[in-house]
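Position in the sequence shown (first residue = 1) + 631 = this note's numbering. All C-beta atoms in this analysis are idealised placements derived from N, C-alpha and C, irrespective of residue type, glycine included. Scroll down for the structure; my scribbles are underneath it.
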Amino acid sequence: LDEILAVSDGIMVARGDMGVEIPIEEIPALQKRMIRMAVSQGKHVITATQMLESMIKNPRPTRAEATDIANAIYDGTTAIMLSGESAAGKYPVEAVKTMSKIAEGAEKDIDYGSRMKRGTYEGEADITTAIAYATCTAARDLHAAAIITVTLSGFTAEAISRFKPESPVIGCTVRERVYRRLNILWGVNPLMIPEENTADELFEDAVSEAKKAGYVKAGDVVVITAGVPLGKAGTTNMIHVVEVA
632 LDEILAVSDG IMVARGDMGV EIPIEEIPAL QKRMIRMAVS QGKHVITATQ
682 MLESMIKNPR PTRAEATDIA NAIYDGTTAI MLSGESAAGK YPVEAVKTMS
732 KIAEGAEKDI DYGSRMKRGT YEGEADITTA IAYATCTAAR DLHAAAIITV
782 TLSGFTAEAI SRFKPESPVI GCTVRERVYR RLNILWGVNP LMIPEENTAD
832 ELFEDAVSEA KKAGYVKAGD VVVITAGVPL GKAGTTNMIH VVEVA
């Protein structure tokens, strides 16, 4: 698993496939281990298969299914995914709404301060990780309405997402390809902004577009982070705190 994570953007905890290869009693511990390892290395981890299996035929889930989804979120999974429930079930819309409600309920109960500390691991001391962690800490201490990342590669938003901050993350980009990529990141709301000639102009556009989209309002404090010069992956090196005009 370490070798797979080292060369992957992320992993999927596909409990159905695992159940074919692994004794059923070992799956819960392995799921937790896979999520823990992915989180510690800042990699995506998707938990899937039989999340709301009963909703293929019934309009309501079992209490055990609700607890299963919540536990994956408490453990730090990046995403939870339906399969048969939405692909072939009788209640696809209800299944999605139910999963969303369970996720929101669990997220309201999370200790985000402790979770942020789990997003890094011993021995790591690169600039990007330090700036990303400092950005999340500043947003928490200032009760920021949002963290705005201006990114041309998606790297800055990814660095922030690994710490799973309480403030929503707005990933602003001028590239449609990056916009689509940002959708997989935990807690990131992608937003297209117009191209500009300077970083300062991009930052102004990012705040303006976030305000237009309803993510922030006048008087809100937001924390902006980016890599300067823009467009060079791995150069997240700036934090800027502003009050929305």
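Nearest to A761 (by Cα), restricted to the options N868, G647, A645, A788
Position 130 of the sequence shown, counted from the start, is the residue given in the question as residue 761. Residue N868 is the option with its Cα nearest to A761.
CB contact flag (I597, A737, <7 Å):
Because the chain is modelled from 632 through 876, residue 597 falls outside the range shown and cannot be assessed.
With DSSP collapsed to three states, give me the class of L813.
By 1-based counting over the sequence shown, the position of residue 813 is 182. Helix at L813.
Checking 7 Å against the spacing of the C-beta atoms, do L683 and A726 come in under that value?
The residue given as residue 683 occupies position 52 in the sequence shown. The residue given as residue 726 occupies position 95 in the sequence shown. It is a contact, given that the beta carbons lie within the stated cut-off.
Reducing DSSP to helix, strand and coil, say where I666 ends up.
Position 35 of the sequence shown, counting from 1, holds the residue named residue 666. Helix, per DSSP.
Residues in its own chain within less than 8 Å of M665 by CB, not counting five upstream and five downstream?
By 1-based counting over the sequence shown, the position of residue 665 is 34. Excluding residues within five positions, the ones whose Cβ falls inside 8 Å are L632, I642, V644, V676.
Determine the burial state of V670: buried for a count of at least 16 other Cβ atoms within 10 Å of its Cβ, exposed for fewer.
Taking the first residue of the sequence shown as 1, we reach residue 670 at position 39. By the neighbour-count rule (16 or more Cβ atoms within 10 Å), V670 is buried.
Compute the beta-carbon to beta-carbon distance between T708 and T678, rounded to the nearest angstrom, for a pair I have assumed lies under 8 Å.
The residue labelled residue 708 in the question sits at position 77 within the sequence shown. The residue labelled residue 678 in the question sits at position 47 within the sequence shown. Contact holds; Cβ gap of about 4 Å.
Per the DSSP calculation, C803 is bridged to which residue(s)?
For this step, residue 803 is matched to residue 172 along the sequence shown. C803 pairs with V781, L822.
Going by the DSSP bridge assignment, what does L871 pair with across the sheet?
Here residue 871 is taken as the residue at index 240 of the sequence shown, counted from 1. According to the sequence shown, residue 871 is His rather than Leu. DSSP, once it has assigned bridges, lists I855 as partnering H871.
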